[in-house]
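Structure first, commentary second.
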Amino acid sequence: MAAAGAIALGAALAGCGGGSDGTLASDGFTNGLAQWKIEQQSAAGTVAATGGVLDIVQPSGATLWFRQKFSGDYEITFSATPVPITFAGTQFVDRISDLNMFWNAVDPRIASGDPTQNSFDGSLNAYNPVKLYYVGYGANGNTTTRLRRNDGTDSRPQITGYATPASATADDRAGGMTAATTLVANQPTRVRIVSRAATATDAATLKWYANDVLVFTHADPSPYLEGWFALRTTTSHWQIRDFRVTRL
Numbered sequence: 195m196a197a198a199g200a201i202a203l204g205a206a207l208a209g210c211g212g213g214s215d216g217t218l219a220s221d222g223f224t225n226g227l228a229q230w231k232i233e234q235q236s237a238a239g240t241v242a243a244t245g246g247v248l249d250i251v252q253p254s255g256a257t258l259w260f261r262q263k264f265s266g267d268y269e270i271t272f273s274a275t276p277v278p279i280t281f282a283g284t285q286f287v288d289r290i291s292d293l294n295m296f297w298n299a300v301d302p303r304i305a306s307g308d309p310t311q312n313s314f315d316g317s318l319n320a321y322n323p324v325k326l327y328y329v330g331y332g333a334n335g336n337t338t339t340r341l342r343r344n345d346g347t348d349s350r351p352q353i354t355g356y357a358t359p360a361s362a363t364a365d366d367r368a369g370g371m372t373a374a375t376t377l378v379a380n381q382p383t384r385v386r387i388v389s390r391a392a393t394a395t396d397a398a399t400l401k402w403y404a405n406d407v408l409v410f411t412h413a414d415p416s417p418y419l420e421g422w423f424a425l426r427t428t429t430s431h432w433q434i435r436d437f438r439v440t441r442l
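Offset between the sequence shown (1-based) and this note's numbering: plus 194.
Structural data, given as structure tokens:
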């Protein structure tokens, strides 16, 4: 009976995202999609969680919201592998693109701010009313990697970004694409997102890493310090592993 009670308590802690090691939430992708809300433009898109892999195949836009809210100083880590995919009858052949994500997302139209309580059609523009940070990594056919601070308007203000010459805009102030900002087919990218309050010695309120390389850092004078996380992609095939959120 004591062992059964301990197991039940452990399950309850896992369900509420708490842990003695500082873990706020995790998903090893062995028990389905209960922790996620899926929004996709095309009914032909598929999302499955089995065998330690979150497998995402999408012919158009899709967003996967993690249902738990995060606040305080924390970090999100996961591994993401792009699988080349061809969509018959389109220009997309062996495409890898769009490891995208929202964090500290809050929907001001909802009393709780919880975007998972709203309904979106999976298109990027549908999320314009939501305040959030947004990284599009290897987006636009693996030609751009950009950081945005969506302010609830249709402008989706860009903080900075990297881009190839053909895709660059005036907002891509970080320069050209580099090895650290470019997807490689069938090779995992280890993502680390840090959300934190500024301190006297470090003004940064967000940091974003790919394979331990700091790609973005930003000191936001009006930071978003709590909210919800989502994976996002479009016209791609992704395999996600080892999702974890940890208190800093």
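Note that the Cβ used here is the ideal one computed from N, Cα and C, for glycine as well.
Item, Value
"Inter-stretch contact (C-beta, 8 Å, three-pair minimum) for the stretch 274 to 281 and the stretch 378 to 394", "yes"
"Opening and closing residue of the beta strand (DSSP E) in which residue 355 lies", "352 to 357"
"Three CB pairs or more closer than 8 Å across the stretch 330 to 349 and the stretch 286 to 293", "yes"
"Same chain only: Cβ atoms within 8 Å of residue 359, ignoring 5 sequence neighbours per side", "370"
"Residue from 351, 431 and 373 whose Cα sits closest to the Cα of residue 364", "351"
"Per-residue burial, residue 304 [other beta carbons within 10 Å of its own, 16 or more giving buried]", "exposed"
"When 340, 372 and 397 are compared against residue 413, the one with the closest alpha-carbon", "397"
"Any non-hydrogen atom of the ligand ZN within 7 Å of residue 284 CB", "As far as ligands go, the structure on display features none, and thus does not contain the ligand ZN."
"Three-state secondary structure assigned by DSSP to residue 268", "strand"
"Residue range of the unbroken alpha helix (DSSP H) whose run includes residue 333", "333 to 336"
"Counted within 10 angstroms of its Cβ, other Cβ atoms place residue 375 as buried (16 or more) or exposed", "buried"
"Residue 256 burial status per 10 Å Cβ neighbour count (16 or more: buried)", "buried"
"Close beta carbons around residue 278, own chain, < 8 Å, minus the five adjacent residues each side", "288, 289, 290, 379, 380 and 431"
"Per-residue DSSP class, three states only, for residue 258", "strand"
"Close-in-space but distant-in-sequence residues of the same chain around residue 354 (CB under 6 Å, 5 per side omitted)", "341, 367 and 368"
"Between the CA atoms of residue 317 and residue 438 - distance to the nearest angstrom", "26 Å"
"Residues near residue 225 by beta carbon distance below 8 Å, same chain, minus five either side", "243"
"Proximity below 8 Å, CB of residue 223 to CB of residue 246", "yes"
"DSSP state of residue 276 mapped onto helix, strand, coil", "strand"
"Bridge-paired residues (DSSP) for residue 252", "430"
"Alpha-carbon spacing of residue 372 relative to residue 338, whole angstroms", "10 Å"
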